[in-house]
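Quick note: the sequence shown, position 189, residue 644 per my numbering, numbers continuous.
Quick reminder that beta carbons are idealized off the backbone N, C-alpha and C, glycines included.
Because the structure is a prediction, the values reported are computed rather than measured.
To keep things clear, I will list the structure first and then write my remarks on it.
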Amino acid sequence: NGGCSMTTAHTNFVEYAKLRRDFALIANWIKPSAKVLDLGCGDGALLGYLRDTLNVRGYGVEKDDVNWLACIKNDIDVIQMDLESGLSGFEAQSFDVVVLSQTLQAVQNTEGIVREMLRVGREAIVTFPNFGYWRHRIQIVAGQMPVSKNLPYQWYDTPNVHLCTINDFDEFCAKHNIRIEERLVLTDDRPIGVLPNLMGSLAMYRLKTR
């Protein structure tokens with residue numbers, strides 16, 4: 456998740472998570488011993504952290520061969536599959552929480568994947584870089600595609616296909632009858648309360664169906 460990589464076996468996920476404030480905030484939304492599905496789990500860092508701090512029963516879904524192998528090395532239960540093919544292999548409400556951490560902008564079928572998350576899980580947690588962040592706007596006005604901590608790719612090698620703003624995602628939830636239980640907006644790991652769509656670089660949502 457989020458473009459970070461780890462390939463060393465037996466990683467200390469708790470220590471690693473000190474570099475990822477969003478991991479601790481996601482953990483605040485998950486109960487101990489919960490059953491968690493992490494979509495696009497990368498190298499399994501988030502699942503490892505949740506396992507080591509909350510004793511969750513975690514499963515990851517990952518397409519990339521290198522990340523899948525990293526999960527195996529780090530003792531993360533992972534299924535290698537493409538999210539775009541859907542989650543038909545998972546029963547309804549079979550997980551307490553389904554997580555999509557900083558992967559929303561890289562999926563093609565955004566609507567279908569969010570709907571499937573809320574079918575498979577009792578709750579969904581979605582985080583994504585806010586394209587409306589003021590630094591991104593300045594780069595666009597200057598005639599360039601934004602590059603930042605949360606959007607680290609150049610225009611020619613980016614995996615991102617559906618960048619959106621906080622306002623866009625709020626409207627998406629309203630249109631699709633999705634209830635926003637909680638929303639956090641961060642910049643440099645600090646919570647943003649004023650003008651979040653302008654001042655926030657990372658958005659975090661806890662969702663349920665209405």
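Could you tell me the distance, in whole angstroms, from the CA atom of residue i to the CA atom of residue j?
i	j	result
N658	G567	The sequence given here has Ala at residue 658, not Asn. For A658 and G567, the distance between alpha carbons rounds to 20 Å.
Y608	F586	13 Å
K547	Q599	Note that residue 547 is Ala in the sequence shown here, rather than Lys. Computed Cα separation, rounded: 43 Å.
D530	C496	13 Å
N510	N652	34 Å
I534	N483	25 Å
C526	A500	8 Å
I595	L542	36 Å
V640	I621	9 Å
D478	R638	Note on identity: in this sequence residue 478 is Phe, with Asp being the wrong assignment. The alpha-carbon atoms of F478 and R638 are separated by roughly 15 Å.
P487	M572	20 Å
K663	V575	11 Å
D612	V649	33 Å
S603	N615	13 Å
W610	A597	15 Å
Leaving out five residues before and five after residue i in sequence, what residues of the same chain have Cβ atoms less than 7 Å from its Cβ?
i	result
D644	R476
T565	L559 and H617
G537	Note that residue 537 is Asp in the sequence shown here, rather than Gly. K518.
Among the options, whose alpha-carbon lies nearest the alpha-carbon of residue i?
i	options	result
T642	H591, D537 and W610	H591
K630	V562, G655 and V569	V569
F545	I527, V562, C526 and V516	V516
E578	L538, N467 and I635	I635
T582	I534, C619 and L538	C619
E539	C526, Q563 and I621	Q563
K528	N467, E637, P601 and D612	N467
M654	I593, D532 and A489	I593
Check whether the Cβ atoms of residue i and residue j lie closer than 8 Å to each other.
i	j	result
I647	I580	no
N632	R665	yes
S656	P584	yes
Leaving out five residues before and five after residue i in sequence, what residues of the same chain have Cβ atoms less than 8 Å from its Cβ?
i	result
V491	I485, L502, L505, V511, R512, G513, Y514, F550, D551, V552, V553 and V554
V469	Y504, D507 and T508
Verify the contact flag: residue i, CB atom, against every heavy atom of the ligand MN, threshold strictly below 7 Å.
i	result
Q557	Ligands displayed in this structure: none; no statement on the ligand MN is therefore possible.
Give every residue of the same chain whose Cβ lies closer than 6 Å to the Cβ of residue i, excluding the five residues on either side of it in the sequence, and list them in chain order.
i	result
Y588	S656
L606	P584
D532	Y514
H465	Unreliable placement is indicated for H465, whose pLDDT of 49 sits below 50; the coordinate value is still reported in the next sentence. For H465, where only same-chain residues beyond five positions count, there are no Cβ hits under 6 Å.
Okay, do the region 624-631 and the region 521-536 touch, 3+ Cβ pairs below 8 Å being the bar?
-> no
Give a yes or no on contact between the region 543-558 and the region 486-496, applying the rule of three or more CB pairs nearer than 8 Å.
-> yes
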